[in-house]
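Asker: Before I ask anything, let me first share the structure, which is written out below as structure tokens.
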Amino acid sequence: MKILLVNIKELVQVEEEPKLWVAGKDMAKIHTIKDAFLLMRDEMIVDFGPMDELSTHDLDNYDVLMEIDCTGRTVFPSFCDSHTHLVYPASREQEFVDKIKGLSYEEIARRGGGILNSARRLHEMSEEELCASALGRISEIIYKGTGAVEIKSGYGLNPEDEIKMLRVIRRLKESTPLAIKSTFLGAHSIPMEYRDNASVYVDQIINEMLPRIAEEELADYIDVFCDTGFFSVADTERILEAGAEYGLLPKIHANELGLTGGVQVGVKNKALSVDHLEYLGDDEINVLKHSHTMPTILPGAAFFLDLPLSPARKLIDSGLPVALATDFNPGSSPSGDMKFMQSLGCIRYKMLPEEVINATTINSAYAMGISDGYGSIARGKAANVFITREIPSYQYFPYAYNSELIETVILRGEIQ
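All you need for my numbering is the position in the sequence shown, starting with 1, plus 1110.
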């Protein structure tokens, strides 16, 4: 399939020399081309530039099959959502009501709600049922502009159900146009039967789950919820070290509920990203400065749970990069809308439109290990883009926080 986009009002996030991420002051910069063209062939971006540089002679070599006039429209690279839990059995709106009545996240978890609630329901569902429900969410995020997504297990909490989840994620990889990375999160919560002896469950993760997951090649990464009331730093380190023996890079849930050492243990174990970061001090920032770990903020979770805001401005002003992701899950962030995450980034975290664009494309691509092929408009990268409706500027995209502005989605060089 060959697709040529012409008369693009503005082509956003263009890179002549692709970068792995952008940090600090550079996050406020993006390269765009006005009155542009974009040529895609098969699954790749072939060329782009100003319309007056588009040569008919060059097009003869590509036998273009489809031309789309983008007059008045802006073209962005597809979002990369680097943190989701979108394979889950059912919604949890009753807990939403409980929160309105004043119960805290920790109180709901202590009564068997939260993650354990989803684990009970997941146990009763077949792989086919889980896959069917997840495909609906996949379709939703595709048409909201996401072209790459990381999906975690973590609602199984026993060997059979964790493997069931990871097999569903593998099926999604094979049956959808999204680029999908799979993360093993057996250490998402401590099952009730192990609450008095978490180390026994950690042993099960290490000795029973990991070998089977590795044998079936079901995961790209490993994750641990290292936080108050969940897994300790010592338990986290044991799990990450065991995962490393099977070639699984870490991605850490860190500091959502307190200053618990999650950032430090993540950096020590060369985590690709540390995610949440509602609680962050100078020590954590200094550790991140000397690492290749991406600080990842999940605005949807803080919004939905009314948590303290991660210090995005302090991170950026310290010279660090920042990624944004949805945390799409039934309990604390029931939305996979990356456009809304951009709006929250601007409104609540005081990030510039340019900063949230970088945070939801190139930096979030790095946070899922794919920034060499995704996250920007560059020759040789995946042909994952979306075309907006007519909008006045790229700044309008996060500004109009509740408007449906995406008109056409192209993934792997095919219109969806």
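Here a beta-carbon is modelled for each residue, glycine too, at the ideal position from N, C-alpha and C.
1) Just the C-alpha distance for HIS1386 and ASP1179, rounded to the nearest angstrom, thanks.
2) Counting only runs that start and end within the stretch 1278-1346, where is the beta strand (DSSP E) found for 3 or more residues in a row?
3) If you run the structure through DSSP and keep just helix, strand and coil, what is CYS1456?
4) Can you tell me whether ALA1412 is buried or exposed, with buried defined as 16 or more other CB within 10 angstroms of its CB?
5) Evaluate ASP1447 with the Cβ neighbour count: other Cβ atoms within 10 Å of its Cβ, from every protein chain shown; 16 or more gives buried, anything less gives exposed.
6) Compare the Cα-Cα distances from ASP1079 to each of VAL1397, LEU1415 and MET1461 and report the closest residue.
7) Using DSSP with H/G/I as helix, E/B as strand and the rest coil, what is ILE1501?
8) Contact check, ILE1155 vs ALA1488 under 8 Å by CB: the rounded distance?
9) Curious, which full-length beta strand (DSSP E) runs of at least 3 residues does the stretch 1148-1214 contain?
10) Using the C-alpha atoms, what's the distance from ALA1133 back to PRO1321?
11) Might you give, ordered along the chain, the residues of its own chain that have their beta carbon closer than 8 Å to the beta carbon of GLU1351, omitting 5 neighbours on each side?
12) Can you grab the Cα-Cα spacing for the pair GLU1355 / GLU1239, in whole Å?
13) From which residue to which residue does the beta strand (DSSP E) around PRO1128 run?
14) Under three-state DSSP, which class holds ILE1362?
15) Fully enclosed by the stretch 1342-1425, which alpha helix (DSSP H) runs are 4 residues long or longer?
16) Which two residues bound the contiguous beta strand (DSSP E) that contains LEU1521?
17) Is ASP1337 closer than 7 Å to LYS1361 when the C-beta atoms are compared?
18) Classify GLN1123: buried if its beta carbon has 16 or more other beta carbons within 10 angstroms, exposed otherwise.
19) Please tell me whether ASN1181 and ASN1117 are closer than 7 Å, where the distance is taken between their beta carbons.
20) Skipping 5 residues on each side, what residues in its chain have a beta carbon closer than 6 Å to that of PRO1421?
21) Starting from VAL1259, trace the beta strand (DSSP E) in both directions and tell me its first and last residue.
22) Under the assumption that SER1486 contacts THR1471 (Cβ atoms under 8 Å), give the Cβ distance between them as a whole number of angstroms.
23) Once DSSP output is grouped into helix, strand and coil, what is the label at THR1142?
24) Please report the distance separating the alpha-carbon of ARG1277 from that of LEU1328.
25) How would you label SER1443, buried or exposed, when you count the other beta carbons within 10 angstroms and need 16 or more for buried?
26) On the DSSP bridge list, what partners appear for SER1443?
27) Which residues in the same chain have their Cβ closer than 6 Å to the Cβ of PRO1463, if we skip the five residues on either side of it in sequence?
28) Looking at VAL1495: is its Cβ nearer than 7 Å to the Cβ of PRO1187?
29) Tell me which residue opens and which closes the alpha helix (DSSP H) that GLU1465 is part of.
30) Using only the alpha-carbon positions, how far apart do SER1481 and TYR1311 sit?
31) For THR1106 and LEU1148, what's the separation of their Cα atoms in angstroms?
32) Per DSSP, what kind of secondary structure is ILE1487 in: helix, strand or coil?
33) Look up ASN1117 in the DSSP assignment and say whether it is helix, strand or coil.
34) Under 6 Å Cβ to Cβ from PHE1189, same chain only, skipping five residues before and after it: list those, please.
Answerer: Judging by the given coordinates:
1) Numbered from its first residue, the sequence shown carries residue 1386 at position 276. Numbered from its first residue, the sequence shown carries residue 1179 at position 69. Each residue's alpha carbon lies about 40 Å from the other.
2) 1289-1297 and 1331-1336
3) The residue given as residue 1456 occupies position 346 in the sequence shown. If DSSP states are grouped into helix, strand and coil, CYS1456 belongs with the helices.
4) For the purposes of this step, residue 1412 is taken as residue 302 along the sequence shown, with counting starting at 1. Buried.
5) Looking up residue 1447 in the sequence shown gives position 337. It counts as buried.
6) Absent from the structure is residue 1079, since the part of the chain shown begins at 1111 and ends at 1526.
7) Here residue 1501 corresponds to residue number 391 of the sequence shown, with the count starting at 1. The answer is coil: DSSP assigns ILE1501 none of H, G, I, E or B.
8) Counted from its first residue, the sequence shown places residue 1155 at position 45. Counted from its first residue, the sequence shown places residue 1488 at position 378. Right, their Cβ atoms sit about 6 Å apart.
9) 1154-1160, 1176-1179, 1183-1187 and 1189-1191
10) For the purposes of this step, residue 1321 is identified with residue 211 of the sequence shown, where counting begins at 1. For the purposes of this step, residue 1133 is identified with residue 23 of the sequence shown, where counting begins at 1. Their Cα atoms are separated by approximately 37 Å.
11) Position 241 of the sequence shown, counted from the start, is the residue given in the question as residue 1351. Closer than 8 Å at Cβ, skipping near neighbours: ASN1379.
12) Taking the first residue of the sequence shown as position 1, residue 1355 is located at position 245. Taking the first residue of the sequence shown as position 1, residue 1239 is located at position 129. Between GLU1355 and GLU1239, the C-alpha separation is close to 33 Å.
13) Walking along the sequence shown from the start, residue 1128 turns up at place 18. First-last for PRO1128: undefined, no H or E at that position.
14) Within the sequence shown, residue 1362 is the residue found at index 252, counting from 1. Strand at ILE1362.
15) 1343-1355, 1372-1378, 1392-1399 and 1409-1415
16) Numbered from 1 along the sequence shown, position 411 holds the residue referred to as residue 1521. Start and end: 1516-1521.
17) Here residue 1361 refers to the residue found at position 251 of the sequence shown. Here residue 1337 refers to the residue found at position 227 of the sequence shown. Not closer than 7 Å, so no.
18) For this step, residue 1123 is matched to residue 13 along the sequence shown. So GLN1123 counts as buried.
19) Walking along the sequence shown from the start, residue 1181 turns up at place 71. Walking along the sequence shown from the start, residue 1117 turns up at place 7. Looking at the sequence provided, one finds Thr at residue 1181 rather than Asn. Cβ distance < 7 Å, so THR1181 and ASN1117 count as in contact.
20) As a first step, residue 1421 must be located in the sequence shown, where it is residue number 311. Excluding sequence neighbours, PRO1421 sits near LEU1390.
21) Stepping through the sequence shown from its first residue, residue 1259 is reached at position 149. It spans 1256-1262 - the beta strand (DSSP E) in which VAL1259 sits, taken as one unbroken run.
22) Numbered from its first residue, the sequence shown carries residue 1486 at position 376. Numbered from its first residue, the sequence shown carries residue 1471 at position 361. Confirmed, Cβ separation roughly 6 Å.
23) By one-based count along the sequence shown, residue 1142 stands at place 32. The answer is strand: DSSP assigns THR1142 an E or B state.
24) Along the sequence shown, read from residue 1 onward, the residue named residue 1277 stands at position 167. Along the sequence shown, read from residue 1 onward, the residue named residue 1328 stands at position 218. Roughly 7 Å between the two C-alpha positions.
25) The sequence position of residue 1443 within the sequence shown is 333, counting from 1. Buried, by the Cβ-count rule.
26) If you number the sequence shown from 1, residue 1443 lands on position 333. Per DSSP, ASN1439.
27) Along the sequence shown, one-based indexing puts residue 1463 at 353. The answer, listed in chain order, is GLN1505 and PRO1508.
28) Position 385 of the sequence shown holds residue 1495. Position 77 of the sequence shown holds residue 1187. Cβ atoms of VAL1495 and PRO1187: closer than 7 Å.
29) The sequence position of residue 1465 within the sequence shown is 355, counting from 1. Counting along the chain, the alpha helix (DSSP H) containing GLU1465 begins and ends at 1463-1470.
30) One-based indexing of the sequence shown puts residue 1481 at position 371. One-based indexing of the sequence shown puts residue 1311 at position 201. SER1481 and TYR1311: Cα-Cα distance of roughly 34 Å.
31) Nothing can be reported for residue 1106: it is not among the residues displayed for the chain, which extend from 1111 to 1526.
32) As a working mapping, residue 1487 is identified with position 377 in the sequence shown. Strand.
33) By one-based count along the sequence shown, residue 1117 stands at place 7. Strand at ASN1117.
34) The sequence position of residue 1189 within the sequence shown is 79, counting from 1. Cβ neighbours of PHE1189 beyond the five flanking positions: GLY1255, THR1256, MET1448 and THR1470.
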